[in-house]
Every structure is written in structure tokens, then in C-alpha cells.
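Undergrad: In the working numbering, the protein residues as written are 2 to 118.
We treat Cβ as the ideally placed atom computed from N, Cα and C, and that holds for glycine.
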Amino acid sequence: MQIPLAIGLLAAVPAFSQEEIRTDFRQWTEIEALDSVDAPIKRFAFTARGVAGQEFEIPGSARLFCTLNQDYNVVLNYYPATDTWKFQIRLNPSAQFAAGGIATCLDLRPRTAGRSS
């Protein structure tokens with residue numbers, strides 16, 4: 002029985018997903034608020050290195066509705082019990098080198114006369 006060439010080539014080249022997670026990187030994360038505290042739409046930039054598989058809470062994310070934009074090796078999770086949003090780094094070999102994204106959040110708190118709209 003002859004193995005098709007494409008399958009034979011795939012078997013000979015190790016898959017990137019089979020590489021091991023490295024632990025020798027210096028861990029680094031940063032969450033930066035891109036808008037003012039009283040803005041109705043808030044954006045948070047997140048970047049990370051060396052922290053695959055971990056979660057990082059968006060500060061002050063209670064009463065916000067968020068979506069993830071321009072993501073790379075990261076997902077956005079909502080936890081209703083604590084009303085918090087968290088960036089979660091995917092657990093794959095490429096996530097250890099770089100992960101990040103921008104969360105765009107709508108402030109769901111009632112607007113008051115003292116707050117700009």
C-alpha cells in the first residue's frame with residue numbers, strides 16, 4: 002500500500018502544535034486603558050508573553066459589555082457571578098511568544114447629568 006505524498010510529507014514534518022510549552026521566558030503582561038474613566042465606550046489593550054493558559058482581569062469591568070477586537074492567541078471571557086471580564090491566553094505553543102488584543106467595552110451604568118454622554 003502506497004501512502005499519498007501529501008500525507009507522507011505531513012508525517013515527516015513535526016506539527017507546530019506538538020511542540021512543548023516553554024517555561025524559560027520572562028513573564029510579562031500589560032493591560033492599558035485607552036480611554037478616560039468616564040467615557041461611555043472604553044477600550045483596553047492587552048499584551049502578554051510567557052503566560053500561556055492564564056487569565057487576566059480587565060480592571061473596573063463590572064457593568065460593562067465587552068467584545069474582543071484584533072486578537073492574537075487570546076479570548077475574552079465573562080464571569081456573571083463576579084460581573085468581570087477577563088483576557089484568557091490560549092494554551093498553545095505560539096501563545097507563549099505573543100498574545101494580545103483590544104477589548105472594546107460599552108459602559109452599561111446609567112448616565113447622570115454630571116457625566117458626559
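Determine, using beta carbons only, whether residue 88 and residue 47 come nearer to each other than 7 Å.
TA: Against a cut-off of 7 Å, the Cβ pair of residue 47 and residue 88 comes out as a contact.
Undergrad: Counting Cβ pairs closer than 8 Å, one from the stretch 33-42 and one from the stretch 66-73, do we hit at least three?
TA: Taking 8 Å as the limit for Cβ pairs, the verdict is that the stretch 66-73 does not touch the stretch 33-42.
Undergrad: Quick one: what does DSSP say residue 28 is sitting in, helix, strand or coil?
TA: It is coil, neither helix nor strand.
Undergrad: Only counting the same chain, and skipping five residues up and downstream in sequence, which positions put a Cβ closer than 6 Å to that of residue 105?
TA: Here the set comprises 44, 68, 70.
Undergrad: Would a C-beta distance cut-off of 7 Å place residue 85 and residue 62 closer than the cut-off?
TA: Result yes, Cβ atoms of residue 85 and residue 62 sit closer than 7 Å.
Undergrad: Nearest by alpha-carbon distance to residue 33: which of 50, 52, 51, 59 is it?
TA: Residue 59 is the option with its Cα nearest to residue 33.
Undergrad: Can you give me the start and stop residues for the beta strand (DSSP E) that residue 85 sits inside?
TA: Element bounds for residue 85: 85-90.
Undergrad: Buried or exposed for residue 35, going by 16 or more other Cβ atoms inside 10 Å?
TA: That one is exposed.
Undergrad: Note the first and the last residue of the continuous beta strand (DSSP E) segment covering residue 71.
TA: Element bounds for residue 71: 65-73.
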